[in-house]
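For the numbering used here, count along the sequence shown from 1 and bump the result up by 361. No residue lacks a Cβ here, since even glycine has one placed at the ideal position from N, Cα and C. The next block holds one structure in the form of structure tokens; read it before the comments.
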Amino acid sequence: MTKAEPQVIELAAPVLGEAEKRALAEVIDDRWLTMGDRVRRFEQAFAELHGVDEAVAVSSGTAALQLCLAAFDVGPGAEVLVPSMSFVATASVVVHAGATPVFVDVEGPDRPHMSIEDARRRITGRTRAIMIMHYGGYEMDVAAWRALAGEHGLLLFEDAAHAAGLAGPGATSDAAAFSFFTNKNMTTAEGGMVVIGDPERRQRARLLRSHGMTANTLDRTRGRAVGYDVVACGHNFRMDELRGALGLVQVERLPGWNRTRRELADRYRAELGREVPEVVVPFAPGHRTAAHIMPVLLPDGCDRPRVMAEMRAAGVQTSVHFPAIHQFEYYRRAHGAVSLPNTERFSARQLTLPLHPALEPGDVERVVSALREAIRAAR
Ligand SMILES: Cc1ncc(COP(=O)(O)O)c(C=O)c1O
Numbered sequence: 362m363t364k365a366e367p368q369v370i371e372l373a374a375p376v377l378g379e380a381e382k383r384a385l386a387e388v389i390d391d392r393w394l395t396m397g398d399r400v401r402r403f404e405q406a407f408a409e410l411h412g413v414d415e416a417v418a419v420s421s422g423t424a425a426l427q428l429c430l431a432a433f434d435v436g437p438g439a440e441v442l443v444p445s446m447s448f449v450a451t452a453s454v455v456v457h458a459g460a461t462p463v464f465v466d467v468e469g470p471d472r473p474h475m476s477i478e479d480a481r482r483r484i485t486g487r488t489r490a491i492m493i494m495h496y497g498g499y500e501m502d503v504a505a506w507r508a509l510a511g512e513h514g515l516l517l518f519e520d521a522a523h524a525a526g527l528a529g530p531g532a533t534s535d536a537a538a539f540s541f542f543t544n545k546n547m548t549t550a551e552g553g554m555v556v557i558g559d560p561e562r563r564q565r566a567r568l569l570r571s572h573g574m575t576a577n578t579l580d581r582t583r584g585r586a587v588g589y590d591v592v593a594c595g596h597n598f599r600m601d602e603l604r605g606a607l608g609l610v611q612v613e614r615l616p617g618w619n620r621t622r623r624e625l626a627d628r629y630r631a632e633l634g635r636e637v638p639e640v641v642v643p644f645a646p647g648h649r650t651a652a653h654i655m656p657v658l659l660p661d662g663c664d665r666p667r668v669m670a671e672m673r674a675a676g677v678q679t680s681v682h683f684p685a686i687h688q689f690e691y692y693r694r695a696h697g698a699v700s701l702p703n704t705e706r707f708s709a710r711q712l713t714l715p716l717h718p719a720l721e722p723g724d725v726e727r728v729v730s731a732l733r734e735a736i737r738a739a740r
């Protein structure tokens, strides 16, 4: 008889069940697939949960970021301050807008939020906007960033891809973008949401989401509009009804899942402190968070690929959030060599442990003990 393989502990996993299956089947039965009433209701439910007036559903978090820039006409000639410690989309959307991303360092070698002091130093006459990112779902000090943006007449955008369920993003900044990619705190498979406070800019985002057309297919089918005009050069960033239906189910469960995520993160913190005190856990206990990921920093000089291989052998998936954007080949070539010492040190030591609401009892302990053994082997 072969020995039973231990169950793999996944890094991230969507929570999907009968309610999602039913919701998808209802859309099929109704036979209206493209953006319609379900997407509209999902926007309303999402806005309500986040304490904002309205939200605009789109096809991805990346599209959401692009619409933030486009709705405020950030384009050629503009510089946008962005964190290098983020997913590449935070910077690539700036390039797509025809503007220039200016990379900003993090607060410290073990503090992954973008540094306000470093950002201040990088403001020039061409700077139009600042894009902050709530790393791992851990809330940034938006009021402080608002003040900096105000001092220099800059727009403030939030990449809130990690922060679904956290009230705040979009409430005081110019715009915020959320992601519902499969590994996020709630999912629509692919999808995103834009929150813009200013009604005119929000309307512009709605327009640009669907080719700059004055009426959509549903309006014309229902006889609410005859024909259409095109008043801006837009995109197809629409969300469809299947995703809207998934979103409606998931958004209701999001607050409960985020509570579970926070409890698991606290449990990790305690267990890591006991079992592997040489591992650093970023952020202070109690920092407001949507607990999207569980980041840690390995001891200096520890062989990370070896740690990851040992963990994989022990049935634990891990990842790195993130390889620094400014060190990718494209960005080195297109934007020249940049030195961001704290980002580089953080990125070199960072490891992400499994965190999602479906972790089984005992999984946190199993992950931490696998990490302890992996670090021992990698020394
Ligand atoms: C920080 C950050 N910004 C933007 C995105 C892009 O979102 P999407 O994959 O939905 O386009 C992601 C992740 O996927 C992300 O982690």
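- According to DSSP, residue 536 shares a beta bridge with 518 and 557.
- Under DSSP, residue 597 shares a beta bridge with 571.
- For residue 520, the shortest separation between its Cβ and any heavy atom of ligand 1 lies below 6 Å.
- Closest by C-alpha distance to residue 556, out of 605, 569, 518 and 636, is 518.
- Contact between the region 482-501 and the region 648-659 is present, with at least three C-beta pairs closer than 8 Å.
- Burial check for residue 545: the Cβ neighbour count within 10 Å reaches 16 or more, so the residue is buried.
- Collapsing the DSSP output to three states places residue 689 in coil.
- Measuring C-alpha to C-alpha distances from residue 520 to each of 408, 673, 716 and 428 identifies 428 as the nearest.
- Annotation: the continuous beta strand (DSSP E) that includes residue 469 extends over 467-469.
- Residue state for residue 578 is assigned as helix, using DSSP reduced to three classes.
- Between ligand 1 and residue 448, a heavy atom-to-CB distance of less than 6 Å is present.
- For residue 572, the CB contacts under 8 Å within the same chain, skipping 5 residues up- and downstream, are 591, 595, 596 and 597 in chain order.
- Burial state of residue 486 is exposed, judged by a 10 Å Cβ sphere holding fewer than 16 other Cβ atoms.
- One alpha carbon belongs to residue 390, the other to residue 603, and they sit about 11 Å apart.
- With respect to the C-alpha of residue 374, the residue from 433, 721 and 730 having the closest C-alpha is 721.
- The beta carbon of residue 648 sits closer than 6 Å to the beta carbons of 499 from its chain, once the five residues preceding and following it are set aside; these are given in chain order.
- The beta-carbon distance between residue 480 and residue 430, rounded to whole angstroms, is 17 Å. This is too long to meet the 8 Å contact definition.
- Within the DSSP secondary-structure output, residue 711 pairs in a beta bridge with 658.
- Between residue 488 and the set 412, 465 and 730, the nearest pair of CA atoms involves 465.
- A heavy atom of ligand 1 is found nearer than 6 Å to the CB of residue 422.
- A distance criterion of 6 Å places the beta-carbon of residue 553 in contact range of ligand 1, judged by its closest non-hydrogen atom.
- For residue 421 against residue 553, the beta-carbon gap comes to about 5 Å, under 8 Å, which counts as contact.
- For residue 630, same chain residues with a beta-carbon under 8 Å away, outside a window of 5 residues either side, are 642 and 646 in chain order.
- Around residue 449, the same chain offers 686 as residues with beta carbons nearer than 6 Å, after the five sequence neighbours per side are excluded.
- Residue 470 is positioned such that its CB atom lies no closer than 7 Å to that of residue 446.
- Inclusion of residue 542 in the 6 Å shell around ligand 1 follows from its C-beta lying nearer than that to a non-hydrogen atom of the ligand.
- For residue 461, the shortest C-beta to heavy atom distance toward ligand 1 is 6 Å or greater.
- Residue 396 is positioned such that its CB atom lies no closer than 7 Å to that of residue 444.
- Note on geometry: alpha-carbon atoms of residue 377 and residue 614 lie some 11 Å from one another.
- Remark: the C-beta of residue 494 is in contact range of ligand 1, defined as less than 6 Å to any heavy atom.
- By the Cβ-count criterion, residue 368 is exposed, with fewer than 16 other Cβ atoms from all chains shown falling within 10 Å of its own Cβ.
- No residue range can be given for residue 740, since it is assigned to no beta strand (DSSP E) and is classified by DSSP as neither H nor E.
- In the three-state reduction of the DSSP assignment, residue 589 falls in the coil class.
- Per DSSP, reduced to three states, the secondary structure at residue 377 is coil, with no helix or strand assignment.
- In this structure, residue 451 has its beta carbon less than 6 Å from a heavy atom of ligand 1.
- For residue 474, the enclosing beta strand (DSSP E) stretches over residues 472-475.
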